């Protein structure tokens with residue numbers, strides 16, 4: 001508003017058109033100029049003209065929509081200059097709101113792309129349908145979150161009503177104040193070092209029947225008559241389907257039922273079919289490869305769940321140890337080690353789906369030669385094994401009944417836990433550097449991005465409430481972390497703290513005293 005000397009609804013129209021990307025908006029301004037910027041977004045700014053002057057009270061206009069005369073009191077002129085009767089405007093607005101086009105309602109005039117003033121829309125619709133006017137406000141306000149790539153609703157179920165805003169990189173993992181940790185980019189569970197596309201494929205692979213199909217391919221053959229899969233349960237190569245059809249297990253061809261030790265009546269399959277054998281061998285190889293990575297992924301995921309349950313028992317050990325008369329009074333090393341175990345176990349479990357796709361042929365078949373793939377695979381697996389070994393050691397020491405040990409043995413375990421925590425943190429950092437630089441960084445296709453490694457774990461969005469003295473008195477509001485009051489910054493702006501993320505809360509209709517930052521001033525006063 002200050003930079004371009006615009007009214008609030010004009011500024012909002014520009015931001016909605018450019019999906020709240022201020023950098024992109026300013027780039028268009030510098031490259032194409034202000035007039036082109038306004039034209040593309042449908043903003044009409046009349047300079048040196050007081051557009052707030054109403055039509056003459058004694059004048060009458062003919063509406064070009066309904067072809068009826070209307071007094072100036074029952075007609076409205078938009079900033080683009082087009083004037084129609086209020087009844088036609090209202091019907092137009094109602095249709096657009098019901099169609100979900102509240103964010104950008106264009107003028108009714110032919111070939112006019114100007115965006116209607118939201119205050120006029122709200123005023124006319126509220127006279128006939130107050131509930132629809134509230135719906136218009138809600139759609140308008142939520143555009144800040146739903147159209148903004150840096151702001152997203154928390155995907156919690158049931159929904160907590162909050163939205164997270166990040167300041168820098170959208171490829172990150174965040175934690176809502178409701179406690180849910182998720183990937184900000186794809187809104188699924190936190191899955192780093194897997195890319196979003198890798199995790200999507202892996203989740204689908206684990207949930208659907210793709211591996212069942214692989215097993216059927218390896219261990220059964222289709223009946224040549226009814227095409228149902230048939231499993232061989234004996235040594236004879238003459239197999240019978242439940243439909244009554246006999247066929248040769250070796251080649252799958254239909255045969256008669258009579259056979260001897262040496263041949264089947266009416267059938268001979270002496271010809272070698274290389275393609276079919278290759279397909280079977282490939283299906284077996286793919287199945288065993290998937291089982292290798294899935295078993296290790298599931299093992300570490302199960303360990304993470306069990307270790308999470310052990311948290312209370314380990315904290316009980318700390319309470320018992322603190323009551324003993326030991327020189328060592330500070331047991332923060334236990335909780336620090338436990339947190340390091342949780343973070344590293346999660347990284348380790350998701351490193352196996354990453355390796356499955358990184359060194360497979362589904363995504364990067366043409367990006368690496370077989371020799372390069374083998375070298376990179378060995379490099380990654382060496383780091384993976386080092387991390388795995390140290391994580392298991394840390395888990396073992398934390399499960400020790402140290403509350404029963406002597407002073408010297410407790411001190412020894414303390415040093416081991418601290419050293420292992422530092423080592424594991426370093427190994428995690430090196431693994432991420434290897435993935436970002438040596439593996440994904442060397443590829444030509446930049447479609448795979450991973451959330452950066454955070455030594456302190458996934459950052460929690462902060463909730464900041466402050467007071468705003470209005471006509472109605474003091475009211476609590478939800479601001480982005482590090483934000484200031486509505487008087488100090490334009491609507492919809494805010495900054496984050498060191499965590500780089502914050503959250504907004506959905507406006508409540510009744511009670512609570514909370515409102516959305518994007519509410520126009522007249523709505524705030526009305527509420």
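Numbering (the UniProt record's numbering), first residue to last: 1 to 527.
Virtual Cβ for every residue (Gly too), placed ideally from N, Cα, C.
Only a predicted model underlies this, so the values are computations on that prediction, with no experimental measurement involved.
N-terminal and C-terminal residue of the alpha helix (DSSP H) that residue 383 is part of: 370-398
Rounded C-alpha distance that separates residue 165 from residue 425: 27 Å
Beta-carbon contacts of residue 42 that lie in its chain and below 6 Å, excluding the five residues immediately before and after: 113, 114 and 115
Same chain, Cβ closer than 7 Å to residue 451, neighbours up to 5 away in sequence not counted: 171, 172, 173, 183 and 192
Where residue 163 falls: helix, strand or coil (DSSP): strand
Short Cβ contact (7 Å threshold) for residue 154 with residue 186: no
Range of the contiguous beta strand (DSSP E) that encloses residue 169: Note, residue 169: premise wrong, no beta strand (DSSP E); not H, not E.
Nearest-angstrom Cβ-Cβ length linking residue 18 and residue 25, presumed shorter than 8 Å: 4 Å
For residue 174, the three-state DSSP class (helix, strand or coil): strand
Residue 416 and residue 402 closer than 7 Å at C-beta: no
Nonlocal neighbours in the same chain, by C-beta distance under 8 Å from residue 228, ignoring five residues either side: 222, 241, 242 and 243
Counted within 10 angstroms of its Cβ, other Cβ atoms place residue 441 as buried (16 or more) or exposed: exposed
Complete runs of the alpha helix (DSSP H) confined to the region 177-240 [at least 4 residues]: 196-207 and 210-219
Buried/exposed call for residue 103, threshold 16 Cβ in 10 Å: buried
Own chain residues within Cβ distance below 8 Å of residue 218, not counting five before or after: 280, 283, 284 and 287
Euclidean distance between Cα positions of residue 108 and residue 84: 9 Å
Residue environment, residue 384, which counts as buried when at least 16 other CB atoms sit within 10 Å: buried
C-beta atoms of residue 357 and residue 297 nearer than 7 Å: no
Distance, residue 8 Cα to residue 120 Cα: 13 Å
Close beta carbons around residue 512, own chain, < 7 Å, minus the five adjacent residues each side: Any reading at residue 512 must be qualified, since the residue scores a pLDDT of 36, below 50, and its modelled position is unreliable; no value is offered.
Sequence-distant residues of the same chain with beta carbon closer than 6 Å to residue 12, five excluded per side: none
For residue 14, three-class secondary structure by DSSP: helix
The region 365-372 touching the region 305-318, judged by at least three CB pairs closer than 8 Å: no
C-alpha gap between residue 291 and residue 122, whole angstroms: 59 Å
Residue 316 (DSSP reduced to helix, strand or coil): helix
For residue 61, the first and last residue of its enclosing beta strand (DSSP E): 60-62
Among 432, 216 and 195, nearest to residue 448 - alpha-carbon criterion: 195
As assigned by DSSP and simplified to three states, the class of residue 84: strand
Beta bridge counterpart(s) of residue 403 as assigned by DSSP: In DSSP, residue 403 forms no bridge with anything.
Residue 349 vs residue 423 beta-carbon contact at 7 Å: no
For residue 531, three-class secondary structure by DSSP: No information on residue 531 is available, as it lies outside the stretch 1 to 527 that the chain covers here.
Option in 97, 136, 389 and 359 with minimal Cα separation from residue 428: 389
Neighbourhood of residue 200 by C-beta distance below 8 Å, restricted to the same chain and skipping five residues each side: 186 and 188
Rounded C-alpha distance that separates residue 143 from residue 16: 7 Å
Local conformation of residue 109 per DSSP, three classes: coil
Beta-carbon proximity list for residue 64, same chain, < 7 Å, skipping 5 on both sides: 84
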